[in-house]
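There are 2 protein chains.
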Amino acid sequence: MTESVNYIIMLTDTVNTIYEVSPLENFLNIPQEKQKKIIDAALICFGTNGYRKSSVSDIATAAGISKALIFHYFGTKKALYLYCLELCGNIAMCEFNEKFDNSVTDFFDRIMLLSDIKIAAMKKHPAMLSFLNSVYFENDDEVKADIQTILTNGQGGDLRTGIAFACTDIAKFKDGIDPKLVMKILIRLTDGYLSKIPVKTRIDLDALHEELVECINLLKNNFYKEQYL
Amino acid sequence: MTESVNYIIMLTDTVNTIYEVSPLENFLNIPQEKQKKIIDAALICFGTNGYRKSSVSDIATAAGISKALIFHYFGTKKALYLYCLELCGNIAMCEFNEKFDNSVTDFFDRIMLLSDIKIAAMKKHPAMLSFLNSVYFENDDEVKADIQTILTNGQGGDLRTGIAFACTDIAKFKDGIDPKLVMKILIRLTDGYLSKIPVKTRIDLDALHEELVECINLLKNNFYKEQYL
DNA sequence: TTCTCTATTGACCGAATCGGTTAATTATAT
DNA sequence: ATATAATTAACCGATTCGGTCAATAGAGAA
């Protein structure tokens with residue numbers, strides 16, 4: 051649990067500079083376990099219903115606390131939403147910087163590495179991917195501009211996944227196999243695995259991971275020339 | 051356009067027996083083009099926001115008509131929702147009965163066939179799959195019971211997709227390849243292709259179809275023993 | 001025990017939106 | 001011009017919205 055402290059310290063810095071001194075301090079002083087429960091409730095709610103259609107009452111109920119307490123912690127619904135966004139952005143960025151190894155050139159190893167990163171992030175907040183995906187399509191005037199600001203300032207952590215596929219070793223493929231097509235398959239595959247229903251337990255994630263390993267190995271064994279296996 | 055007349059006739063029968071004489075007649079008498087626009091708006095809205103969080107105003111705006119007109123056509127929000135469900139169920143069932151060929155035993159051909167069916171259904175109502183998927187998770191008390199009734203009465207058109215994978219010819223696979231694993235990959239693959247953002251034009255669907263053909267061929271060519279290619 | 005201070009909530013606010021109705025307007029056809 | 005049908009703007013009471021606040025519950029110090 052100590053691992054997530056880093057993100058919160060970073061986040062406190064950022065938020066305070068933007069929104070002066072805020073009720074957020076109240077939130078940061080409660081036990082991390084309670085923090086997580088509230089954040090996860092918000093991520094699930096915002097992720098499935100978008101900003102507008104998510105009511106603070108819904109989130110409070112899902113978190114098992116009163117609505118008033120959420121306003122005590124975050125001040126406004128908008129502040130809660132943007133806090134979630136910054137938090138997820140930071141977690142994703144930290145996880146990526148910490149675990150991604152650019153020296154891995156093998157096609158499948160790279161993709162597995164990226165999936166591991168996503169899974170690690172989802173172990174912290176299972177609804178994170180669903181939320182971030184919904185942010186991408188969020189169009190409500192009340193938050194649209196601020197989303198842009200945060201995402202561009204954050205250097206767009208998710209764009210890297212695109213870049214991450216580059217510079218891989220495609221000579222290993224059998225003749226007649228189009229690596230781009232394989233890449234498409236793998237993207238669909240990993241997306242499908244991870245963007246499913248957000249209510250996933252730790253066990254589910256581990257099972258998911260193993261299944262993904264199996265699939266990738268299957269493809270690797272049949273798409274690579276024999277000398278590269 | 052004449053193809054969809056069948057569904058509506060069937061549906062009229064069903065609905066009238068359940069909900070006596072309803073304002074639905076008004077709806078069925080307007081041009082099919084306008085009907086489609088309203089239904090598609092409802093499917094998108096219900097599919098992305100669920101029953102509760104979808105307001106009739108939202109749907110009316112998306113369909114480019116006034117809210118009052120929707121009540122003129124359907125009477126209540128609930129009736130509109132259930133009409134959508136019955137319509138989609140009928141379309142899916144008809145499409146399946148019409149196109150599915152149980153004599154096709156080849157693993158990949160079967161999956162391609164099922165995807166073709168889904169794509170054909172989505173050409174009629176692009177948001178259909180998204181909506182039906184959301185129905186599966188719908189939990190609102192106002193419609194929950196009626197959903198169960200309709201789905202069980204309709205013989206569960208989507209359960210067949212599970213059955214449809216059975217009885218296929220698995221001897222064609224190379225040794226060491228687990229057909230169940232291949233099946234998992236294909237399910238993820240086709241799901242990923244078809245459950246993406248519902249706002250898809252006809253062109254997108256055709257492109258999607260071609261991409262899917264490519265992927266399936268790639269897998270087939272590398273997973274089957276040579277004598278079966 | 002009593003006092004204090006803080007964490008938390010139930011009850012409440014005005015405003016907005018909800019599902020649904022209706023009277024009036026527009027378009028159409030004779 | 002008139003009768004009829006299609007469509008909507010305006011409205012209804014009820015609910016829910018984001019947000020506030022005074023009251024309560026709870027933990028520690030005395």
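Heads up: the protein sequence lines correspond to chains H and G, in order. The opening residue of the first sequence carries number 51 in the working numbering; numbering runs sequentially from there. The opening residue of the second sequence carries number 51 in the working numbering; numbering runs sequentially from there. Where a beta carbon is used, it is the ideal one built from N, C-alpha and C, also for glycine.
At least one beta carbon of chain H lies nearer than 7 Å to the beta carbon of residue 242 of chain G. For residue 278 of chain H, there is no enclosing alpha helix (DSSP H), as DSSP marks it with neither H nor E. The beta-carbon of residue 103 of chain H is placed less than 7 Å from the nearest beta-carbon of chain G.
Taking C-beta separations shorter than 6 Å and ignoring five residues to either side along the sequence, the partners of residue 258 of chain G in its chain run 243, following chain order.
One thing to note: residue 99 of chain H has its Cβ within 7 Å of the Cβ of residue 103 of chain G. Approximately 7 Å separates the beta-carbon atoms of residue 124 of chain H and residue 77 of chain H; this is inside 8 Å, confirming the contact. Using a Cβ distance threshold of 7 Å, residue 220 of chain G and residue 171 of chain G do not count as a contacting pair. Contacts with chain G (Cβ-Cβ distance below 7 Å) from the stretch 161-188 of chain H involve no residue at all.
By the Cβ test, the stretch 81-92 of chain H is in contact with the stretch 106-120 of chain H, since at least three Cβ pairs between them sit closer than 8 Å. At least one C-beta of chain H is nearer than 7 Å to the C-beta of residue 264 of chain G. In its own chain, leaving out the 5 sequence neighbours on each side, no residue places its CB closer than 7 Å to the CB of residue 267 of chain H.
The Cβ-Cβ distance between residue 273 of chain H and residue 227 of chain H falls below 7 Å.
Contact of residue 231 of chain G with chain H is assigned, a C-beta pair being separated by under 7 Å. Contact of residue 227 of chain H with chain G by beta-carbon distance below 9 Å involves 268, 271 and 272.
At least one C-beta of chain H is nearer than 7 Å to the C-beta of residue 99 of chain G. Under the 7 Å criterion on CB atoms, residue 235 of chain H is classed as interfacial with respect to chain G. Check the Cα spacing between residue 164 of chain G and each of G:176, G:82, G:203 and G:143: the tightest is with G:143. Residue-level contact check: residue 239 of chain H touches chain G, since one or more beta carbons of chain G fall below 7 Å from its beta carbon. The three-state secondary structure of residue 156 of chain G, taken from DSSP, is strand. Within a 10 Å sphere around the beta-carbon of residue 278 of chain G sit fewer than 16 other beta-carbons, which makes this residue exposed. According to DSSP, residue pairing for residue 223 of chain H in a beta bridge involves H:274. Taking the Cα of residue 168 of chain G as reference, the smallest distance to any Cα among G:121, G:240 and G:105 is reached at G:240. In chain order, 231 and 234 make up the part of chain G whose C-beta sits under 9 Å from the C-beta of residue 261 of chain H. Residue 230 of chain G and residue 152 of chain G have their C-alpha atoms some 20 Å from each other. Around the beta carbon of residue 175 of chain G, 16 or more other beta carbons sit within 10 angstroms, so the residue counts as buried.
Sequence-distant partners of residue 88 of chain G (beyond 5 residues in either direction) whose C-beta falls short of 8 Å from its own C-beta, in its chain, are 77, 109, 113, 115, 120 and 123.
Around residue 224 of chain H, the same chain offers 273, 274 and 275 as residues with beta carbons nearer than 8 Å, after the five sequence neighbours per side are excluded. Counting the other CB atoms within 10 Å of its CB gives residue 260 of chain H a total below 16, which places it among the exposed residues. In terms of Cβ geometry, residue 138 of chain H and residue 182 of chain H form a close pair [threshold 7 Å]. Of the other Cβ atoms in all chains shown, 16 or more fall within 10 Å of the Cβ of residue 177 of chain H; this residue is therefore buried.
Taking C-beta atoms as the reference points, residue 145 of chain H and residue 200 of chain H fail to come closer than 7 Å. With a cutoff of 7 Å on beta-carbon distance, residue 173 of chain G and residue 262 of chain G are scored as not near each other. For the pair residue 196 of chain H and residue 130 of chain H, the CB atoms are not nearer than the 7 Å cut-off.
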